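K.L.:
The structure's right below; bear with me while I get my questions together.
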Amino acid sequence: MAQEYYYSSYDNFTSGNDVPEILAAGDYVMIIIFGVIFVIGVIGNVFVITVVRRKLTGFQIATNNLILSLSTADLCFLILNPPIATTAFLRRPWYLGSLLCKLAHFGINVSMFSSIYTLIALSFDRYSSLGEPFKLVRFPPKTHRNSKIIVCVIWCISILISSPYLIVFTTSDHGSGPICYDKWHDPMKQKARYLMAMFVVGYFIPLLLISATYIFIWRTAWRTLKHTTQKNSGVKRSRRNVTIIISIVILAFGICWLPHNIFYLWLSISRHHFPYTHGTYVLKLIALSSSYLNSSLNPIIYSLMSKKFREAAKILWQDCFLKPENRRGYTSTPVPKIYRGVRTRNTPHQNSNPKQWVELVPS
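With the numbering used here, letter number 182 in the sequence shown gets 182, and the count goes up by one each step, no holes.
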């Protein structure tokens, strides 16, 4: 969904080398923004993947698998998308060949749809955490195996939806060098219809499903809040915190992808009469940067909203950059194999003799 207006040298926004200074300056400003988003997003998503793989989040295994899928999709989106956009804004020829042209844009859309559909799965995951009396629909049990199957189905659907890009993308020499672009037999009809379909299956329907699910979740949460007892208050508080985090992640998705989808919906509807002006060019840049920003926000949200993620960051920092003797909780006493996956530290006993105690890492 984010291809054609990368190549500003080859559409009606600009014409050859006669690029207005305001557009050239805007290009370089956006390249800097793309670079910042790229660095933050790649580091953040690698961190989330590492935390999830080490089972330090404190979430359930099924939820962990979905978060791992989301972070992987966001990471792939960031690795593929901003570099290609930067090449386009700098008006550099595409020397990587037709096959990589197809695979790159195919990969961009696969990761984009995987991210979106994983958010739907996360909303259903939060719904399935409700008590049985409050469920209108029953889903399969939240097991490690079932969550893996769901992730596989999500990626398979994303591959299927994105498969047309393996056909329409190609390379062509436009004098200054080869370019990578999408070539449709009838761009005015075929591409417009495809963009409209992508808006429906890639934004409107997912946002509708997610919104409906969360309206029901929050209504149920407030209704059951007064029936919470001290015995189960800890469990419900933990579920509520996870639900809040996922809610913010989904809200960020809706806001960040809104400019992108509005721009493309407008472009597909008014294809013959689209105003290629400075104003729409700026909207194009905002649409691109906001969609990239979404893939970088999720790790920040996890870190700000989850204490366990912040604790996990400290553990990873210690493991990667501190010597064993400088790590918090270091003990030279060998830890039995039964304590694998726990942290240990020394604490003085009443008689001042150091004794070892074990602090469980959230799993």
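For glycine and all other residues, C-beta sits at the position ideal for the given N, C-alpha and C. Note that the coordinates shown come from a computational prediction; the quantities given were computed from them, not determined experimentally.
According to the Cβ coordinates, are residue 66 and residue 118 closer than 8 Å?
P.N.:
As a working mapping, residue 66 is identified with position 66 in the sequence shown. As a working mapping, residue 118 is identified with position 118 in the sequence shown. In contact: residue 66 and residue 118 (Cβ atoms closer than 8 Å).
K.L.:
Just verifying my parser: in three-state terms, what is the DSSP assignment at residue 181?
P.N.:
Here residue 181 is taken as the residue at index 181 of the sequence shown, counted from 1. Strand at residue 181.
K.L.:
For residue 34 versus residue 289, is the C-beta spacing smaller than 8 Å?
P.N.:
Along the sequence shown, read from residue 1 onward, the residue named residue 34 stands at position 34. Along the sequence shown, read from residue 1 onward, the residue named residue 289 stands at position 289. Result yes, Cβ atoms of residue 34 and residue 289 sit closer than 8 Å.
K.L.:
Of the residues 273, 259, 274, which one's Cα is nearest the Cα of residue 287?
P.N.:
Residue numbering aside, residue 287 sits at position 287 when the sequence shown is read from its first letter. Selected option, being the one with the closest Cα: 259.
K.L.:
I think residue 125 touches residue 63, with their Cβ atoms under 8 Å apart; what is that distance to the nearest whole Å?
P.N.:
Indexing the sequence shown from 1 puts residue 125 at position 125. Indexing the sequence shown from 1 puts residue 63 at position 63. Contact flag correct, Cβ pair sits at about 6 Å.
K.L.:
Which residue marks the beginning of the beta strand (DSSP E) containing residue 171, and which one marks its end?
P.N.:
Within the sequence shown, numbered from 1, the residue matching residue 171 stands at position 171. Segment 169 to 173, the beta strand (DSSP E) holding residue 171.
K.L.:
Is the distance from the Cβ of residue 268 to the Cβ of residue 41 below 8 Å?
P.N.:
Here residue 268 is taken as the residue at index 268 of the sequence shown, counted from 1. Here residue 41 is taken as the residue at index 41 of the sequence shown, counted from 1. No. Outside cutoff.
K.L.:
What three-state label does DSSP hand residue 257 in the structure shown?
P.N.:
For the purposes of this step, residue 257 is taken as the residue at position 257 of the sequence shown. Reduced to three states, the DSSP call for residue 257 is coil.
K.L.:
Compute the distance between the beta-carbons of residue 45 and residue 69, then report whether it is under 8 Å.
P.N.:
The sequence position of residue 45 within the sequence shown is 45, counting from 1. The sequence position of residue 69 within the sequence shown is 69, counting from 1. No, the Cβ-Cβ distance between residue 45 and residue 69 is not below 8 Å.
K.L.:
Taking 8 Å as the limit between beta carbons, can you name the residues of its chain near residue 451, skipping five residues before and five after?
P.N.:
What is shown of the chain runs 1 to 363, which leaves residue 451 out entirely.
K.L.:
Could you compute how far the alpha carbon of residue 112 sits from the alpha carbon of residue 146?
P.N.:
The residue given as residue 112 occupies position 112 in the sequence shown. The residue given as residue 146 occupies position 146 in the sequence shown. Roughly 22 Å separates the two Cα atoms.
K.L.:
Check whether the stretch 162 to 177 touches the stretch 101 to 110, counting contact only when three or more Cβ pairs, one atom from each stretch, lie closer than 8 Å.
P.N.:
Because the criterion of three Cβ pairs below 8 Å is met, the stretch 162 to 177 and the stretch 101 to 110 touch.
K.L.:
Note down, in chain order, each residue of its chain lying with its Cβ closer than 6 Å to the Cβ of residue 265, except the 5 sequence neighbours on either side.
P.N.:
Against the sequence shown, residue 265 aligns to sequence position 265. Excluding sequence neighbours, residue 265 sits near 199.
K.L.:
Can you find at least 3 beta carbon pairs, one from the stretch 272 to 282 and one from the stretch 301 to 309, that sit closer than 8 Å?
P.N.:
They do not touch, by the three-pair rule.
K.L.:
Report the three-state DSSP secondary structure of residue 364 (helix, strand or coil).
P.N.:
Nothing about residue 364 can be read from this structure; the chain reaches only from 1 to 363.
K.L.:
Would you check if the distance between the CB atom of residue 206 and the CB atom of residue 116 is smaller than 8 Å?
P.N.:
Position 206 of the sequence shown, counted from the first residue, corresponds to residue 206. Position 116 of the sequence shown, counted from the first residue, corresponds to residue 116. Closer than 8 Å, so yes.
K.L.:
Do you know offhand how far residue 306's Cα is from residue 110's?
P.N.:
The residue you call residue 306 lines up with position 306 of the sequence shown. The residue you call residue 110 lines up with position 110 of the sequence shown. Approximately 29 Å between the Cα atoms of the pair.
K.L.:
State the CB to CB distance for the pair residue 78 and residue 292, rounded to an integer number of angstroms; the pair is presumed to be in contact (CB under 8 Å).
P.N.:
By 1-based counting over the sequence shown, the position of residue 78 is 78. By 1-based counting over the sequence shown, the position of residue 292 is 292. Residue 78 to residue 292, Cβ: 7 Å. Contact.
K.L.:
Rounded to the nearest angstrom, what separates residue 274 and residue 88 at their Cα positions?
P.N.:
The residue labelled residue 274 in the question sits at position 274 within the sequence shown. The residue labelled residue 88 in the question sits at position 88 within the sequence shown. Going by the C-alpha atoms only, they are around 21 Å apart.
K.L.:
Mark residue 60 as exposed unless 16 or more other C-beta atoms lie within 10 angstroms of its C-beta, in which case mark it buried.
P.N.:
Taking the first residue of the sequence shown as 1, we reach residue 60 at position 60. Label assigned to residue 60: buried.
K.L.:
Assuming residue 114 contacts residue 154 (C-beta within less than 8 Å), just tell me the rounded distance between them.
P.N.:
Translated into the one-based positions of the sequence shown, residue 114 becomes position 114. Translated into the one-based positions of the sequence shown, residue 154 becomes position 154. That pair is a contact at about 6 Å.
K.L.:
Taking residue 120 as the reference, give the member of 157, 102, 209, 311 with the closest Cα.
P.N.:
Looking up residue 120 in the sequence shown gives position 120. Residue 209 is the option with its Cα nearest to residue 120.
K.L.:
Are there 16 or more other CB atoms within 10 angstroms of the CB of residue 29, so buried, or fewer, so exposed?
P.N.:
Counting from 1 along the sequence shown, the entry for residue 29 is found at position 29. Under this definition residue 29 is an exposed residue.
K.L.:
Once DSSP output is grouped into helix, strand and coil, what is the label at residue 273?
P.N.:
Position 273 of the sequence shown holds residue 273. Residue 273 falls in the coil class under three-state DSSP.
K.L.:
Going by other Cβ atoms of all chains shown within 10 Å of its Cβ, with 16 needed for buried, is residue 173 buried or exposed?
P.N.:
The count along the sequence shown starts at 1 and reaches residue 173 at position 173. Counting Cβ neighbours within 10 Å, residue 173 comes out exposed, since fewer than 16 surround it.
K.L.:
Between the Cα of residue 80 and the Cα atoms of 101, 91, 90, 95, which residue gives the shortest distance?
P.N.:
The residue you call residue 80 lines up with position 80 of the sequence shown. The residue with the shortest Cα to Cα distance from residue 80 is 101.
K.L.:
Can you give me the Cβ contacts of residue 246 inside the same chain, cut-off strictly under 6 Å, excluding the 5 residues immediately before and after it?
P.N.:
Your numbering for residue 246 matches position 246 in the sequence shown. Counting only Cβ-Cβ distances below 6 Å, and skipping sequence neighbours, we find 122, 126.
K.L.:
Between the Cα of residue 73 and those of 36, 98, 86, 156, spot the shortest distance and give me the residue it belongs to.
P.N.:
Your numbering for residue 73 matches position 73 in the sequence shown. Nearest C-alpha to residue 73: 156.
K.L.:
Excluding sequence positions up to five away, which residues of its chain have a Cβ less than 6 Å from the Cβ of residue 248?
P.N.:
Translated into the one-based positions of the sequence shown, residue 248 becomes position 248. Taken in chain order, the residues that qualify are 301.
K.L.:
What is the rounded straight-line gap between the Cα of residue 197 and the Cα of residue 317?
P.N.:
In the sequence shown, the residue the question calls residue 197 occupies position 197. In the sequence shown, the residue the question calls residue 317 occupies position 317. So the alpha carbons of these two residues sit roughly 44 Å apart.
K.L.:
Give me the Cα-Cα distance between residue 32 and residue 85, rounded to the nearest whole angstrom.
P.N.:
Here the question's residue 32 lines up with position 32 in the sequence shown. Here the question's residue 85 lines up with position 85 in the sequence shown. Straight-line Cα distance between these residues: approximately 12 Å.
K.L.:
So what's residue 186 in DSSP terms, helix, strand or just coil?
P.N.:
Numbered from 1 along the sequence shown, position 186 holds the residue referred to as residue 186. Three-state DSSP puts residue 186 in coil, outside helix and strand.
K.L.:
At the level of alpha carbons, what is the spacing between residue 49 and residue 309?
P.N.:
The residue given as residue 49 occupies position 49 in the sequence shown. The residue given as residue 309 occupies position 309 in the sequence shown. If you take the alpha carbons of residue 49 and residue 309, they lie about 12 Å apart.
K.L.:
Starting from residue 102, trace the alpha helix (DSSP H) both ways and give me its first and last residue.
P.N.:
By one-based count along the sequence shown, residue 102 stands at place 102. Residues 97 to 128.
K.L.:
Beta-carbon within less than 7 Å of residue 254's beta-carbon, same chain only, minus the 5 sequence neighbours each way: which residues are those?
P.N.:
Counting from one through the sequence shown, the residue named residue 254 turns up at place 254. So the qualifying residues of the chain are 207.
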